[in-house]
Every structure is written in C-alpha cells, then in structure tokens.
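As numbered in the working numbering, the sequence shown has no gaps in its residue numbers, which increase by one up to the final residue, 885. C-beta: ideal position from N, C-alpha, C; glycine also. The structure displayed is predicted, hence computed values, not measured ones.
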Amino acid sequence: MAKKETFVTYGVSLCSGVGFKCLHLPLPWILGPVTGLLLLKLLLSYETSTVRSARDVGFTILGVQIGLTFTAQTFTLVFPYLLPYTLLSLLLISTSLFLAYLIAKKTAIDMTTSMIGSAPGGLSAMLAVSESLKGNTVLVTIFHTIRLLSVLFIIPFIATHFLSGSEAPSTLSNSRSSQGPLWTTLIYLAAFGLGYRFKDRIPASCVILPMILIGLLQAFGFPLFQLPQVFYIAAQVIIGVHLGNSIRIRDLVIAGKYCSLYFGLSIIVITLGIFLGWMLTSWTGMDFATAVLSLAPGGLVEMSITANETGAQPALVSSLQMIRLLFIVMVLPLLFQKILPRSHKL
C-alpha cells in the first residue's frame with residue numbers, strides 16, 4: 540500500500556509540475572507538486588507518502604546548483620552589502636516578532652507559540668525550540684507553513700511579472716565557463732555525505748554545506764562536471780513533494796481561525812520585505828529584484844531559483860539569505876530561551 544501511495548504521490552507531483560510549466564507559472568517544479576498534493580488531500584482525502592531519503596538528495600543537488608553560481612567575485616560582491624542587509628533583516632525579524640507579540644496579547648495563543656511560529660525562517664530549529672520551551676509544536680509548524688507557502692506563491696509571482704530582467708539564464712549553473720572532468724561528480728557525493736553527516740547539528744545542512752563547498756571550489760576556479768538539467772528539475776520536484784506531503788489538512792483544521800491571522804502577518808511581512816528591498820536598492824545600488832529576493836522572509840533555495848529565472852543574481856541572493864538564516868537559527872533560539880515562558884494555553 541505504501542508503495543502505491545508513494546507512486547501516486549510522485550506521479551501527481553510530476554504531472555502538476557508539467558502543468559505549471561505549460562502555464563508558465565513561477566517555480567513550476569516546486570509549486571506544481573505542492574499544489575497538486577494539496578488538492579489531492581483536500582478533494583480526495585488521499586494519504587500521500589514519500590521516500591524519506593529523497594528529500595536530502597534533492598536539497599543536496601539544489602545546494603550544488605546554487606554553489607555552481609559562485610565565482611571569485613561573489614564573496615567580494617557580498618561584503619559591501621553586509622551592514623545594510625543585516626540592519627534591514629533585523630528590522631524585518633523584529634517587526635515579525637512584534638506582530639506575533641500583539642497577536643498573542645489579543646488571542647488565546649500563548650506567547651511562546653506565537654513568537655516561535657512567526658520567526659521568518661528556520662523551521663527545523665524553531666520546532667526544536669518549541670519542544671524545549673513546551674510550546675504548541677503543531678501550531679508552530681502550521682504558522683511556519685503558512686508563511687512559507689505565502690512567500691513561495693507571492694514573491695516568485697511578483698518577481699517574475701514585475702521585477703524580471705530582460706534576459707535570464709536558463710539554469711542556475713550556466714554561470715560556469717567550462718565543463719569539468721566526470722570524476723568530479725565524486726565531489727558531489729562527498730557534499731551529500733557532508734550535509735547528511737551534520738544534518739542534526741547544522742540547520743539546513745544538506746543545502747548550506749554543499750553550497751559552501753561547491754561555491755568555494757568555484758571561487759578558486761576548480762573545474763566541476765556539469766550535471767544535466769534533468770537532475771535539477773528532479774531535485775525541485777522532490778522538494779515540492781516534500782513540502783506538499785508535510786502539509787496536513789487536519790492540522791490546518793485544528794489551527795482554525797488562527798490561520799487567517801498568521802496569513803495576514805505573512806502578507807504584512809512580505810510587503811515590508813519588498814519595501815525594505817527598495818530601501819536596500821536605494822542605499823546600495825543593488826538591483827531591485829535581487830534586493831527583494833534577498834529580503835524575502837524564507838525560502839533560500841526557492842528564492843535563489845527565482846533569482847535565476849528573473850535575471851537577478853542567485854549567488855548574491857543565496858549568500859545573503861544564508862546570513863539571515865544563520866542568524867535566525869543560531870541567535871533566535873538563545874533569545875527565545877531567555878525571554879519566553881515555558882508554558883502554553885492551547
């Protein structure tokens with residue numbers, strides 16, 4: 540039975556991705572599977588199933604894909620933006636947490652659950668914090684899912700239709716100037732092993748560690764073998780399947796009326812992110828699409844892919860998003876443990 544459910548899950552996801560691609564919708568190979576699986580659950584009450592290890596493989600391939608966009612100039616390119624980007628990111632994070640504080644004051648949601656559920660990124664780390672502080676982990680998961688889905692559907696649409704440059708490369712990895720030897724694919728396997736080894740210690744390790752490893756090799760001019768585009772499409776489908784499978788309709792029902800509040804919070808934070816993107820552009824001269832995608836509240840991989848599709852700078856987007864992600868998963872848990880109570884109402 541599980542094999543049948545898995546086959547149906549991936550089959551529906553692939554068909555949904557093809558449909559989104561034919562309709563020229565943004566992020567078709569990620570948002571297509573998410574939409575298809577949501578409809579499958581909602582309309583047919585179907586229990587989806589996935590291959591657990593596939594998610595880590597998919598994240599690793601996308602980490603490699605992003606890393607291949609790095610050049611020797613990438614790291615020097617990021618440096619001038621560090622201070623303004625960090626300040627604007629702190630403003631974005633602070634605003635999100637302040638709105639979560641207001642929601643907790645006006646509703647029956649406890650402060651711990653509301654604050655942790657509103658952090659703009661770092662779902663895995665926030666779930667661990669929720670468990671340790673005895674928050675409502677189900678609600679935390681739902682609120683983060685609402686934020687992530689809002690970002691994934693709204694930001695790529697805006698970027699594709701309103702911020703897109705005149706020319707966009709067809710793949711993230713097209714920035715590479717030469718094809719490396721076939722044996723360098725062993726480095727990709729090593730990158731997977733590295734990410735998998737530290738998956739319980741480093742948040743998003745299956746994306747971040749391969750991205751850093753491949754990015755450093757690229758920056759030093761080390762020639763790497765160019766994987767066929769089908770690998771990157773398959774990786775995006777796998778991630779879309781993972782996201783769609785992780786959303787449970789019954790959890791959304793449990794959250795009930797609170798979903799609308801946190802959807803509204805997500806819209807406010809997304810809008811603020813666009814405004815802060817304009818400020819970053821005015822402050823530093825960074826192109827607007829790159830600035831908006833860098834400040835989008837979550838979705839490092841998806842925003843990097845969108846940057847490629849809209850003619851923005853995926854290496855810069857992924858680098859800046861990684862900086863904020865590391866702050867969220869390393870600093871916010873310590874902050875929450877200091878200031879939040881260990882109790883909940885729901």
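Own chain residues within Cβ distance below 6 Å of G719, not counting five before or after: Walking along the sequence shown from the start, residue 719 turns up at place 180. So the list reads P762, L763, F764, once near-sequence residues are dropped.
Near L836, which residues of its chain fall below 8 Å by C-beta distance, leaving aside the five closest residues on each side in sequence? In the sequence shown, counting from the first residue as 1, residue 836 sits at position 297. The sequence given here has Pro at residue 836, not Leu. L631, S635, P659, G660, R686, V690, S805, V808, I809, G812, listed in sequence order.
Figure out for me which residue from K877, G606, S821, K673 has the closest Cα to the Cα of I726. For the purposes of this step, residue 726 is identified with residue 187 of the sequence shown, where counting begins at 1. Closest in alpha carbon position to I726, among K877, G606, S821, K673, is G606.
Beta-carbon of T651 versus every beta-carbon of chain C: anything under 8 Å? Protein chain content of the structure displayed is limited to a single chain, and chain C is not contained in it.
So the alpha helix (DSSP H) L636 belongs to, where does it begin and stop? Mapped onto the sequence shown, residue 636 falls at position 97. According to the DSSP assignment, L636 belongs to the alpha helix (DSSP H) that extends over 621-645.
Rounded to whole angstroms, what's the CA-CA distance from L577 to L629? Just pull it up for me. Here residue 577 corresponds to residue number 38 of the sequence shown, with the count starting at 1. Here residue 629 corresponds to residue number 90 of the sequence shown, with the count starting at 1. Each residue's alpha carbon lies about 33 Å from the other.
Report yes if the CB atom of A758 is closer than 8 Å to the CB atom of F609, and no otherwise. The sequence position of residue 758 within the sequence shown is 219, counting from 1. The sequence position of residue 609 within the sequence shown is 70, counting from 1. In contact: A758 and F609 (Cβ atoms closer than 8 Å).
Looking at Y624: is its Cβ nearer than 8 Å to the Cβ of L819? On the sequence shown, position 85 is the one that residue 624 refers to. On the sequence shown, position 280 is the one that residue 819 refers to. Less than 8 Å divides the Cβ of Y624 from the Cβ of L819.
With C-beta atoms as the reference, is L832 less than 8 Å away from A698? For this step, residue 832 is matched to residue 293 along the sequence shown. For this step, residue 698 is matched to residue 159 along the sequence shown. Yes, Cβ-Cβ distance for L832 and A698 is below 8 Å.
Closest to I681 by C-alpha separation, out of I694, L672, M665, would be which residue? Walking along the sequence shown from the start, residue 681 turns up at place 142. Nearest of I694, L672, M665 to I681, Cα basis: M665.
Going by alpha carbons, who is nearest to M825 out of I569, V603, W568, F618? Working through the sequence shown from its first residue, we reach residue 825 at position 286. When only C-alpha atoms are compared, the closest one is F618.
How many angstroms separate the CA atom of A647 from the CA atom of A593? Locating residue 647 in the sequence shown gives position 108, counting from the first residue. Locating residue 593 in the sequence shown gives position 54, counting from the first residue. The alpha-carbon separation between A647 and A593 amounts to approximately 38 Å.
Just mark L621 as buried or exposed, buried being the case when its beta carbon has 16 or more other beta carbons within 10 Å. To locate residue 621, count along the sequence shown from 1; it is residue 82. That one is exposed.
Can you tell me whether DSSP reads K580 as helix, strand or coil? Along the sequence shown, read from residue 1 onward, the residue named residue 580 stands at position 41. DSSP places K580 in helix when its eight states are reduced to three.
Assuming F770 contacts I642 under a Cβ cut-off of 8 Å, what Cβ separation, rounded to an integer in Å, is found between them? The sequence position of residue 770 within the sequence shown is 231, counting from 1. The sequence position of residue 642 within the sequence shown is 103, counting from 1. Going by Cβ atoms, the distance from F770 to I642 rounds to 42 Å, so no, they are not a contact pair.
My understanding is that V596 touches I741, with C-beta atoms under 8 Å, so please give their C-beta distance in whole angstroms. Looking up residue 596 in the sequence shown gives position 57. Looking up residue 741 in the sequence shown gives position 202. That pair is no contact at about 17 Å.
Please state the DSSP three-state secondary structure of Y727. What you label residue 727 is simply residue 188 of the sequence shown in a count that begins at 1. Y727 falls in the helix class under three-state DSSP.
Alpha helix (DSSP H) runs contained entirely in the segment 777-858, provided each spans 4 or more residues: 788-794, 797-823, 827-834, 839-848
Taking the alpha helix (DSSP H) that Q765 belongs to, which residues open and close that run? One-based indexing of the sequence shown puts residue 765 at position 226. Premise fails: Q765 is in no alpha helix (DSSP H) and is neither H nor E.
How should A561 be labelled, buried or exposed, when 16 other C-beta atoms within 10 angstroms of its C-beta is the threshold for buried? Taking the first residue of the sequence shown as position 1, residue 561 is located at position 22. Here the sequence assigns Cys to residue 561, which means Ala is not the residue at that position. With fewer than 16 Cβ atoms within 10 Å of its Cβ, C561 is classed as exposed.
Straight-line CA distance for T574 to I655? Residue numbering aside, residue 574 sits at position 35 when the sequence shown is read from its first letter. Residue numbering aside, residue 655 sits at position 116 when the sequence shown is read from its first letter. Spanning the two alpha carbons is a distance of roughly 26 Å.
Residue from S657, T723, C798 whose Cα sits closest to the Cα of I867: Sequence index remark: in the sequence shown, residue 867 carries index 328 (1-based). The candidate whose alpha carbon is nearest that of I867 is S657.
Assigned exposure category for K580 - 16 Cβ within 10 Å defines buried: Taking the sequence shown and counting its residues from 1, one reaches residue 580 at position 41. With 16 or more other Cβ atoms within 10 Å, it is buried.
Host alpha helix (DSSP H) of P695 (start-end): Translated into the one-based positions of the sequence shown, residue 695 becomes position 156. 676-701 is the span of the alpha helix (DSSP H), which, as asked, contains P695.
Thinking C-alpha only, which one of A846, V746, G571, V557 is nearest N784? The count along the sequence shown starts at 1 and reaches residue 784 at position 245. Answer by Cα proximity: G571.
In terms of residue numbering, what span does the alpha helix (DSSP H) encompassing I648 cover? Residue 648 sits at position 109 when you count from the first residue of the sequence shown. Element bounds for I648: n/a, residue is neither H nor E.
Between the C-alpha atoms of K543 and V780, what's the straight-line distance to the nearest angstrom? On the sequence shown, position 4 is the one that residue 543 refers to. On the sequence shown, position 241 is the one that residue 780 refers to. About 15 Å.
Does DSSP put S705 in a helix, in a strand, or in coil? To locate residue 705, count along the sequence shown from 1; it is residue 166. Because the pLDDT of S705 is 45, which lies under 50, any placement of that residue in the model is unreliable, and the number read from its coordinates should be weighed accordingly. It is coil, neither helix nor strand.
Quick check: what's the CA-CA separation for A611 versus F559? Along the sequence shown, read from residue 1 onward, the residue named residue 611 stands at position 72. Along the sequence shown, read from residue 1 onward, the residue named residue 559 stands at position 20. Distance between the alpha carbons of A611 and F559: 35 Å.
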